[in-house]
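A.B. asks: Can you read through this structure? Questions will come right after.
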Amino acid sequence: MDYERRKVLTLGSAAALAALAGCSGSDSSGENGDENGAENDDGNGGENGAESGDGNGGENGSENGGENGSENGDEDEGGEAVPGRDQLGGPDSLQSSAEVDAITLEADQGAGQYVNTPAVVWLEPGGEITWSITNGAHSVTAYHPENEKQQRIPESAEPFDSGTLSGGETFSHTFETEGVYNYYCRPHEGLGMVGLVIVGEPGGGPGTTAPDGVEASTAATNLGELLSIAGVDTSESSGETQQYSWSDATWDSYWYSLYNMSTNIAMSGNGVPFPLNDQMEQLQQNRMPAMLEAADTDRPPINNPNLSFAAFTSGDPHFTQQPVFEDDTGRPNGETLAWDKSKSSGVVSPSSLAWTHLKGITWAKNFQAHFDVLPPGLAAKFRAQLLTTLAQVGINASILVGGSRGNGALTHGDSFEFLSEYRPAAGEIEDKTRRPHHHAAMVWFLSDITSLAQNGWFGYVNPRPLIPVEAGGDGVFDPPVGIQGITDGVATTTMDLFDPAEVIEMESTRSVGLLLAAIGYYGPQAGGEQQRQAAADYANQLAAAIEQSLTSSGRVENGAANQAATQGIVGQGLLWASEMDGVDHTGTAETVLGYLLDDLWDGDAGTFRSGVDDDVYTISARDAGDITGGINAAENVLGMDVKEKYAQYFNQTMNRGRLQRAERPPSRDEAAEHTLPLPPMAGGEHGQAAVYNAEVEYDTGAGEWTVTDDTFDTEAALYLANQEIWISQWSGDFYQGRGLPGQSDTPPQ
Numbered sequence: 001m002d003y004e005r006r007k008v009l010t011l012g013s014a015a016a017l018a019a020l021a022g023c024s025g026s027d028s029s030g031e032n033g034d035e036n037g038a039e040n041d042d043g044n045g046g047e048n049g050a051e052s053g054d055g056n057g058g059e060n061g062s063e064n065g066g067e068n069g070s071e072n073g074d075e076d077e078g079g080e081a082v083p084g085r086d087q088l089g090g091p092d093s094l095q096s097s098a099e100v101d102a103i104t105l106e107a108d109q110g111a112g113q114y115v116n117t118p119a120v121v122w123l124e125p126g127g128e129i130t131w132s133i134t135n136g137a138h139s140v141t142a143y144h145p146e147n148e149k150q151q152r153i154p155e156s157a158e159p160f161d162s163g164t165l166s167g168g169e170t171f172s173h174t175f176e177t178e179g180v181y182n183y184y185c186r187p188h189e190g191l192g193m194v195g196l197v198i199v200g201e202p203g204g205g206p207g208t209t210a211p212d213g214v215e216a217s218t219a220a221t222n223l224g225e226l227l228s229i230a231g232v233d234t235s236e237s238s239g240e241t242q243q244y245s246w247s248d249a250t251w252d253s254y255w256y257s258l259y260n261m262s263t264n265i266a267m268s269g270n271g272v273p274f275p276l277n278d279q280m281e282q283l284q285q286n287r288m289p290a291m292l293e294a295a296d297t298d299r300p301p302i303n304n305p306n307l308s309f310a311a312f313t314s315g316d317p318h319f320t321q322q323p324v325f326e327d328d329t330g331r332p333n334g335e336t337l338a339w340d341k342s343k344s345s346g347v348v349s350p351s352s353l354a355w356t357h358l359k360g361i362t363w364a365k366n367f368q369a370h371f372d373v374l375p376p377g378l379a380a381k382f383r384a385q386l387l388t389t390l391a392q393v394g395i396n397a398s399i400l401v402g403g404s405r406g407n408g409a410l411t412h413g414d415s416f417e418f419l420s421e422y423r424p425a426a427g428e429i430e431d432k433t434r435r436p437h438h439h440a441a442m443v444w445f446l447s448d449i450t451s452l453a454q455n456g457w458f459g460y461v462n463p464r465p466l467i468p469v470e471a472g473g474d475g476v477f478d479p480p481v482g483i484q485g486i487t488d489g490v491a492t493t494t495m496d497l498f499d500p501a502e503v504i505e506m507e508s509t510r511s512v513g514l515l516l517a518a519i520g521y522y523g524p525q526a527g528g529e530q531q532r533q534a535a536a537d538y539a540n541q542l543a544a545a546i547e548q549s550l551t552s553s554g555r556v557e558n559g560a561a562n563q564a565a566t567q568g569i570v571g572q573g574l575l576w577a578s579e580m581d582g583v584d585h586t587g588t589a590e591t592v593l594g595y596l597l598d599d600l601w602d603g604d605a606g607t608f609r610s611g612v613d614d615d616v617y618t619i620s621a622r623d624a625g626d627i628t629g630g631i632n633a634a635e636n637v638l639g640m641d642v643k644e645k646y647a648q649y650f651n652q653t654m655n656r657g658r659l660q661r662a663e664r665p666p667s668r669d670e671a672a673e674h675t676l677p678l679p680p681m682a683g684g685e686h687g688q689a690a691v692y693n694a695e696v697e698y699d700t701g702a703g704e705w706t707v708t709d710d711t712f713d714t715e716a717a718l719y720l721a722n723q724e725i726w727i728s729q730w731s732g733d734f735y736q737g738r739g740l741p742g743q744s745d746t747p748p749q
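The sequence shown begins at 1 in UniProt numbering and counts up by one.
Here you go:
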């Protein structure tokens with residue numbers, strides 16, 4: 001399409017995040033889950049809640065779509081038009097005024113859960129419509145370039161946009177110009193929440209054409225239905241089938257990322273539990289009431305959560321009993337959402353811990369960016385505190401005082417050198433090897449929590465920091481070094497420990513790319529000029545090692561088994577590191593990413609080749625994270641044309657290929673080409689959580705996808721979840737900076 005969305009480098013739109021307050025739905029088990037919670041993957045969240053919603057989809061969800069009369073439209077079994085397909089007035093019955101309810105239904109009645117009702121209103125010129133936000137958070141926004149959409153209102157009409165409103169608020173607009181107006185809800189366009197206003201005679205105009213250019217496919221489908229209900233002839237338009245788009249893919253990226261994070265940190269039980277011992281029990285008893293008070297909320301949004309401060313490296317996502325998404329308190333019961341602990345690895349690695357908590361920190365920031373628009377029931381302030389609390393407990397246990405030796409479960413002695421695997425239950429080191437990719441993960445995570453601490457984000461300073469920013473500063477714990485010192489120590493140790501050329505010998509050029517990205521993240525958080533210069537020098541050495549492995553075509557040699565993954569993370573790493581003063585490898589990055597997008601793209605398969613001569617493409621969750629990171633960097637920094645390819649890649653690999661095994665109602669589109677099952681229907685006796693599989697394959701000869709490893713690989717899954725949140729969007733608004741180093745450091749004022 002001709003329209004090119006303007007890049008919006010904000011920390012997720014208020015409209016988008018406010019959607020979390022209104023997203024509810026039921027799964028096929030008949031239990032109601034709440035998709036209000038930003039991180040609610042299985043209708044669940046955390047008691048201590050950062051990852052959950054209310055568990056009941058909002059207490060005001062209407063089952064009849066409001067009180068406004070419907071005259072025409074799709075009918076239910078009783079003969080009445082269903083909400084979202086209903087119509088007020090007609091060509092011979094123009095209204096002088098009207099009221100419309102913007103509502104989140106408790107269940108889909110035939111037109112989706114997120115609807116305007118009546119969905120079609122016929123109005124006299126000069127007539128006024130008042131929209132009432134019945135529950136949740138919604139907007140009334142015209143399709144118009146001023147709202148970053150194609151124009152679908154009369155040419156001479158003024159565009160309108162209510163901004164995101166909460167339950168009980170209203171918005172009114174007077175329509176002077178005759179014609180057809182198409183509008184949408186910013187938070188829920190991806191779920192098809194649209195409406196029509198027809199003023200006077202429909203005539204022609206942008207709003208009467210088939211909605212082929214509307215990027216969100218569900219919205220396009222619903223607009224087509226409403227135009228048909230209204231009798232508007234769209235036959236002169238192209239009639240092209242709506243394709244899965246960049247908007248669809250980045251919308252689904254957002255939700256799949258959240259499902260994986262929330263399940264892992266709060267629901268699965270696939271990790272070291274919090275609280276673990278008497279000391280942690282006392283910490284919880286003291287801290288949780290203070291967190292509730294600081295958040296001005298009276299109870300956590302889930303019963304019996306399975307909180308973890310150190311995720312195990314792998315697990316089995318099958319539920320062990322019938323999941324209960326709403327118990328007698330109206331909240332999810334976490335006990336029913338746990339995985340089989342006997343099938344967990346029982347081992348913690350630096351990467352499984354780091355990628356999990358990096359994801360939590362990104363959400364602590366994202367919540368704070370929208371405190372002013374999120375409803376109290378969402379408990380966003382509570383969640384921001386909980387996520388940061390768990391991250392600090394994880395740092396304390398893994399680096400400072402945990403483990404059988406009492407000096408950090410994941411470190412060698414009193415150093416900042418990380419071992420590879422530790423089994424907490426036995427108090428034993430399983431693998432003491434120092435590995436570059438584990439150090440890279442920890443540098444990346446620690447750099448982001450340093451920005452959280454140094455800049456006084458709400459989740460860190462409330463109710464009180466656990467680990468102080470600097471040694472001797474305010475904190476519940478009293479370590480000999482603060483967060484800044486830990487981060488500087490780990491980064492310095494990493495740079496001293498791993499010579500770039502040796503990284504290739506130890507692992508691959510993929511790990512060099514990962515280290516480049518991590519050091520790029522560390523640069524803005526370095527504790528002083530000496531540390532910043534050391535980071536820049538090390539980044540240039542890493543880039544030189546890449547140059548030595550680079551062919552004239554842009555292919556990076558000595559990489560991972562999946563060549564596309566190698567190209568993606570090396571390209572992203574070069575660009576992330578180039579954000580530092582004294583580092584500029586953008587030209588090399590463009591060559592590397594060009595090879596990914598041109599030489600490794602298989603247009604027939606709709607995915608990236610794992611190698612130019614491969615007949616079978618093997619794609620792991622880690623591979624997908626590297627590819628996604630490269631695509632994000634290519635579009636975000638270099639402005640390369642990647643949107644159509646990313647949409648196809650995501651739809652084929654994640655949806656058709658089932659790298660994501662299930663989805664929850666917030667992302668679910670029954671009309672989609674490749675709809676994923678809801679968790680209770682995802683296989684096994686009781687279903688599975690909505691998380692990534694470890695590996696899939698595509699056979700080019702057969703044209704078929706196969707899940708080749710259905711375990712949950714925590715390191716890979718949470719790494720992918722981080723890459724997906726940075727490329728994801730809510731109605732066109734992207735995470736601030738799209739993951740670019742230093743772009744999400746300062747809290748909103």
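We treat Cβ as the ideally placed atom computed from N, Cα and C, and that holds for glycine. Just so you know, these numbers come straight off a predicted model, no measurement behind them.
#1: Give every residue of the same chain whose Cβ lies closer than 6 Å to the Cβ of E75, excluding the five residues on either side of it in the sequence, and list them in chain order.
#2: Taking DSSP's pairing of strands, which residues face S93 in a bridge?
#3: In its own chain, which residues sit with a C-beta less than 8 Å from the C-beta of G456, not counting the 5 before and 5 after it?
#4: What are the complete beta strand (DSSP E) segments, minimum 3 residues, inside the segment 599-640?
#5: For the alpha helix (DSSP H) containing F367, list its first residue and its last residue.
#6: What number of angstroms, rounded off, separates the C-alpha of T551 from the C-alpha of E557?
#7: Once DSSP output is grouped into helix, strand and coil, what is the label at A98?
#8: Could you compute how far the alpha carbon of F274 sits from the alpha carbon of V481?
#9: Check whether the Cβ atoms of A441 and A354 sit closer than 7 Å, and answer yes or no.
#10: Tell me the rounded alpha-carbon separation between G603 and Q113.
#11: Is H144 helix, strand or coil by DSSP?
#12: Taking only three categories from DSSP, how would you classify H318?
#13: Alpha carbon to alpha carbon, how far is E421 from K381?
#14: Helix, strand or coil: how does DSSP classify I546 here?
#15: Using DSSP with H/G/I as helix, E/B as strand and the rest coil, what is V115?
#16: From E663 to A690, what does the alpha carbon distance come to, in whole angstroms?
#17: According to DSSP, is T388 part of a helix, a strand, or is it coil?
#18: Under the three-state reduction of DSSP, which class applies to T566: helix, strand or coil?
#19: Give the range of the alpha helix (DSSP H) segment to which E281 is assigned.
#20: So for residue 758, helix, strand or coil by DSSP?
#21: Please work out which residues of its chain come closer than 7 Å, Cβ to Cβ, to G346, disregarding the five sequence neighbours upstream and downstream, and give them in chain order.
#22: Quick check: T130 and E99, are their CB atoms within less than 7 Å of each other?
#23: For the segment 426-438 against the segment 337-351, do three or more pairs of beta-carbon atoms, one drawn from each stretch, fall closer than 8 Å, so that the two count as touching?
#24: Measuring only the C-alpha atoms, how far is G66 from E507?
#25: How would you label S342, buried or exposed, when you count the other beta carbons within 10 angstroms and need 16 or more for buried?
#26: Under the rule that 16 or more other beta-carbon atoms within 10 Å means buried, what is S553, buried or exposed?
#27: Any chance the segment 604-622 sits against the segment 575-588, with 3 or more Cβ pairs inside 8 Å?
#28: Measuring CA to CA, which of A119, G126 and R85 is closest to Q95?
#29: So, with DSSP's three-state summary, where would you put W500?
#30: To the nearest angstrom, report how far apart G53 and R299 are at their CA atoms.
#31: Locate the beta strand (DSSP E) running through G127, then write down its first and last residues.
#32: Go through its chain and collect everything with a Cβ distance to E417's Cβ below 7 Å, but skip five positions before and after it.
#33: With which residues is P273 paired in a DSSP beta bridge?
#34: Can you give the beta carbon distance from V120 to A230, rounded, assuming they're within the 8 Å contact cut?
#35: Just reading off the alpha helix (DSSP H) that F445 is part of, what are its end residues?
#36: Count the C-beta pairs between the segment 243-259 and the segment 716-735 that are closer than 8 Å, then say yes if the count reaches three, no if not.
C.D. replies: Straight from the coordinates:
#1: Here the question's residue 75 lines up with position 75 in the sequence shown. With a pLDDT of only 49 at E75, under the threshold of 50, the placement of this residue in the model should not be trusted; the figure read from the coordinates follows. A81, listed in sequence order.
#2: The count along the sequence shown starts at 1 and reaches residue 93 at position 93. Bridge partners of S93: G90.
#3: By 1-based counting over the sequence shown, the position of residue 456 is 456. The beta carbon of G456 is closer than 8 Å to those of P747 in its chain, skipping five residues each way along the sequence.
#4: 616-620
#5: Walking along the sequence shown from the start, residue 367 turns up at place 367. P350 to Q368 is the span of the alpha helix (DSSP H), which, as asked, contains F367.
#6: If you number the sequence shown from 1, residue 551 lands on position 551. If you number the sequence shown from 1, residue 557 lands on position 557. Rounded to whole angstroms, T551 to E557 spans 7 Å at the Cα level.
#7: Mapped onto the sequence shown, residue 98 falls at position 98. Looking at A98 - three-state DSSP - the assignment turns out to be strand.
#8: Within the sequence shown, residue 274 is the residue found at index 274, counting from 1. Within the sequence shown, residue 481 is the residue found at index 481, counting from 1. Rounded to whole angstroms, F274 to V481 spans 23 Å at the Cα level.
#9: What you label residue 441 is simply residue 441 of the sequence shown in a count that begins at 1. What you label residue 354 is simply residue 354 of the sequence shown in a count that begins at 1. Between A441 and A354, the CB-CB gap stays under 7 Å.
#10: Reading the sequence shown from its first residue, position 603 is the one you call residue 603. Reading the sequence shown from its first residue, position 113 is the one you call residue 113. One C-alpha to the other measures close to 35 Å.
#11: One-based indexing of the sequence shown puts residue 144 at position 144. The answer is coil: DSSP assigns H144 none of H, G, I, E or B.
#12: Within the sequence shown, residue 318 is the residue found at index 318, counting from 1. H318 falls in the strand class under three-state DSSP.
#13: For this step, residue 421 is matched to residue 421 along the sequence shown. For this step, residue 381 is matched to residue 381 along the sequence shown. C-alpha separation (whole angstroms): 34 Å.
#14: Here the question's residue 546 lines up with position 546 in the sequence shown. The answer is helix: DSSP assigns I546 an H, G or I state.
#15: One-based indexing of the sequence shown puts residue 115 at position 115. The answer is strand: DSSP assigns V115 an E or B state.
#16: Indexing the sequence shown from 1 puts residue 663 at position 663. Indexing the sequence shown from 1 puts residue 690 at position 690. A690 has its alpha-carbon roughly 5 Å from the corresponding atom of E663.
#17: Taking the sequence shown and counting its residues from 1, the one referred to as residue 388 is at position 388. Helix, per DSSP.
#18: As a first step, residue 566 is located in the sequence shown; it is residue number 566 there, counting from the start. If DSSP states are grouped into helix, strand and coil, T566 belongs with the helices.
#19: For this step, residue 281 is matched to residue 281 along the sequence shown. Start and end: D278 to A295.
#20: The chain is shown only over 1 to 749; residue 758 falls outside these bounds and no answer can be derived.
#21: As a first step, residue 346 must be located in the sequence shown, where it is residue number 346. Hits under 7 Å: F312, R423 and A425.
#22: In the sequence shown, residue 130 corresponds to position 130, counting from 1. In the sequence shown, residue 99 corresponds to position 99, counting from 1. Yes, they are a contact pair.
#23: As far as the Cβ criterion goes, the segment 426-438 touches the segment 337-351, which means the pair count is three or higher.
#24: As a working note, residue 66 is residue 66 in the sequence shown. As a working note, residue 507 is residue 507 in the sequence shown. A caution first: G66 carries a pLDDT of 36, below 50, which makes its placement in the model too unreliable to give a value.
#25: As a working mapping, residue 342 is identified with position 342 in the sequence shown. Flag for S342 reads exposed.
#26: Translated into the one-based positions of the sequence shown, residue 553 becomes position 553. Flag for S553 reads exposed.
#27: Short answer: they don't touch.
#28: Along the sequence shown, one-based indexing puts residue 95 at 95. The option with the nearest alpha carbon to Q95 is G126.
#29: For this step, residue 500 is matched to residue 500 along the sequence shown. In the sequence under discussion, the amino acid at residue 500 is Pro, which differs from the Trp named in the question. In this structure, P500 counts as helix in the three-state DSSP scheme.
#30: Locating residue 53 in the sequence shown gives position 53, counting from the first residue. Locating residue 299 in the sequence shown gives position 299, counting from the first residue. Here G53 scores only 36 on pLDDT, less than 50, and its place in the model is too uncertain to base an answer on.
#31: If you number the sequence shown from 1, residue 127 lands on position 127. Element bounds for G127: V120 to I133.
#32: Numbered from 1 along the sequence shown, position 417 holds the residue referred to as residue 417. If we look at E417 and ignore the five residues flanking it on each side, its Cβ neighbours are T411, R434, T493 and L497.
#33: Residue 273 sits at position 273 when you count from the first residue of the sequence shown. The secondary-structure analysis by DSSP pairs P273 across a beta bridge with S308.
#34: Within the sequence shown, the letter at position 120 stands for residue 120. Within the sequence shown, the letter at position 230 stands for residue 230. Right, the Cβ-Cβ distance comes to about 5 Å (below 8 Å), so this counts as a contact.
#35: Counted from its first residue, the sequence shown places residue 445 at position 445. Its alpha helix (DSSP H) spans residues P436 to Q454.
#36: yes
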